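Undergrad:
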Amino acid sequence: MLNRGLTTALLGIGAAQFLKVPLHYVETGQWDWKKTFGSGDMPSSHSSAVTSLTTYVGMKNGVSSMDFGICSIFGLIVMYDAMGIRWQAGQTAIAVNDLYEQVEHFADKHPDINYKKQEKELKEMLGHMPIEVVGGAVLGVALGALSYLLESGKKKA
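If you count by this note's numbering, then the sequence shown holds residues 1 to 157, one letter each, in order.
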């Protein structure tokens, strides 16, 4: 494996994105395979990626290593951003889409108003609720530890 840390983080993203489909089914009773490539929802693939990498690096190099420190700060920033700025951007998109819909209804009732219909709604699922970030982090810790343990097991064999 060329770079086990990078591979571990990418597997964290992939596992989280895949898990969104069955978790959505449990919640709604509907299979939505588009969730595999979308943002938002449970678990956070951002959190899974950064915590799997951080866990792997911490187990491999030790928690006192510079690499672990860098991964930890990077991970905290990513997870904070997922719950903060990206979540707020999604909430803003919801409000703007609602506003467009109201203006469209108003323009339909008043033909003298010049209104160009919005071609496409803004994407609303951008960020995560805290529980989704925590879910991604738990998944990431498990994947990072598993990656390290599998690597260690191969070296001993």
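Cβ atoms here follow ideal geometry from the backbone N, Cα and C, with glycine treated the same way. Just so it is clear, the structure is predicted and the values come from calculations on it, not from any experiment.
#1: Mapping DSSP to helix, strand and coil, what is M66?
#2: Flag H46 as yes if its beta-carbon sits less than 9 Å from any beta-carbon of chain D, otherwise no.
#3: Is A16 near L139, with beta carbons less than 9 Å apart?
#4: Go through its chain and collect everything with a Cβ distance to E119's Cβ below 6 Å, but skip five positions before and after it.
#5: So is A47 buried or exposed if we call it buried at 16+ other beta carbons inside 10 Å?
#6: Roughly how many whole angstroms lie between the Cα atoms of G90 and V63?
#7: Roughly how many angstroms separate the alpha carbons of E151 and C71, rounded to a whole number?
TA: The structure says:
#1: Under the three-state reduction of DSSP, M66 is assigned to helix.
#2: Of the protein chains in the structure, only one exists, and it is not chain D.
#3: yes
#4: none
#5: Position check: residue 47 holds Ser in this sequence, whereas Ala was assumed. Result: buried.
#6: 35 Å
#7: 19 Å
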